[in-house]
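Asker: In this note's numbering, the protein residues as written are 1262 to 1437.
#1: Taking just the CA atoms, how far does residue 1265 sit from residue 1344?
#2: Short of 6 Å in beta carbon distance, which residues of its chain neighbour residue 1319, apart from the five on each side in sequence? Order them along the chain.
#3: Classify residue 1283 as helix, strand or coil using the three-state DSSP reduction.
#4: Rounded C-beta distance between residue 1388 and residue 1430? I'm assuming under 8 Å.
#5: Tell me the DSSP secondary structure of residue 1377 in three-state form.
#6: Name the DSSP beta bridge partners of residue 1387, please?
#7: Can you give me the C-alpha to C-alpha distance between residue 1333 and residue 1280, rounded to a whole angstrom?
#8: Per DSSP, what are the beta-bridge partners of residue 1329 in this structure?
#9: Could you say which of 1282, 1410, 1310 lies nearest to residue 1335 if we only look at CA atoms?
#10: Residues in its own chain within less than 7 Å of residue 1299 by CB, not counting five upstream and five downstream?
#11: As a quick exercise: from 1331, 1314, 1316, 1337, pick the residue whose alpha carbon is nearest that of residue 1325.
#12: Could you pull out every residue in the same chain whose Cβ sits closer than 7 Å to the Cβ of residue 1328, ignoring the five residues on either side in sequence?
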């Protein structure tokens, strides 16, 4: 149900020429032996902040209701079951790793066969996984899912990742 609803929303983004990047679980579930093994409480989507008024209207047309606002995303919910967060920054401003990712929109690359869907490079995606884990570990703790995500990602891509880029990024983030 979650995937069907959000695919419909993303199709509307395409129709309205909205650049968007599904994050974390949306792609991670494909690395699990069975997609249902990777649960998602919400779906995180990176967008341009300037597109938020149009995005809000699109979500309302899909029966999502505005729920919350933070310094890096707006939250929406549908039928108390499907939650989506529209991020204009990957991490909150008060997280030490925020600045590293502040220009991430300029680094996005094409994804799939969609005109407006973008994705992070494999290396930036990995750095985001690590920084996101560190944020949760520091603030509220983290669970096994974050560790399994990183392990599966590493298993899938370790032979194709640019290790120099990763080492520089991890050093700059203070997470090496």
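Built from N, CA and C at the ideal position, the CB exists for glycine as well. As the structure is a prediction and not an experimental result, all values here were calculated from the model.
Answerer: A quick look at the data gives this:
#1: Here the question's residue 1344 lines up with position 83 in the chain shown. Here the question's residue 1265 lines up with position 4 in the chain shown. Going from the Cα of residue 1344 to the Cα of residue 1265 covers about 13 Å.
#2: Locating residue 1319 in the chain shown gives position 58, counting from the first residue. Excluding five sequence positions before and after residue 1319, the CB atoms of its chain that fall closer than 6 Å to its own CB belong to 1273, given in chain order.
#3: The sequence position of residue 1283 within the chain shown is 22, counting from 1. Strand, per DSSP.
#4: The count along the chain shown starts at 1 and reaches residue 1388 at position 127. The count along the chain shown starts at 1 and reaches residue 1430 at position 169. The pair is a contact, with the Cβ atoms about 5 Å apart (cut-off 8 Å).
#5: On the chain shown, position 116 is the one that residue 1377 refers to. Note: residue 1377 maps to coil in three-state DSSP.
#6: The count along the chain shown starts at 1 and reaches residue 1387 at position 126. Partner residues in a beta bridge of residue 1387, as assigned by DSSP, do not exist.
#7: As a first step, residue 1333 must be located in the chain shown, where it is residue number 72. As a first step, residue 1280 must be located in the chain shown, where it is residue number 19. As the crow flies, the alpha-carbon of residue 1333 is around 17 Å from that of residue 1280.
#8: Position 68 of the chain shown, counting from 1, holds the residue named residue 1329. The bridge partners DSSP lists for residue 1329 are 1336.
#9: As a working note, residue 1335 is residue 74 in the chain shown. That would be 1310, whose Cα lies nearest to the Cα of residue 1335.
#10: One-based indexing of the chain shown puts residue 1299 at position 38. Within its own chain, the residues whose Cβ lies closer than 7 Å to the Cβ of residue 1299, once the five positions on either side in sequence are excluded, are 1286, 1289, 1290, 1293, listed in chain order.
#11: Here the question's residue 1325 lines up with position 64 in the chain shown. With distances taken between CA atoms, residue 1325 lies nearest to 1337 out of 1331, 1314, 1316, 1337.
#12: Here the question's residue 1328 lines up with position 67 in the chain shown. Result list for residue 1328: 1336, 1337, 1338, in chain order.
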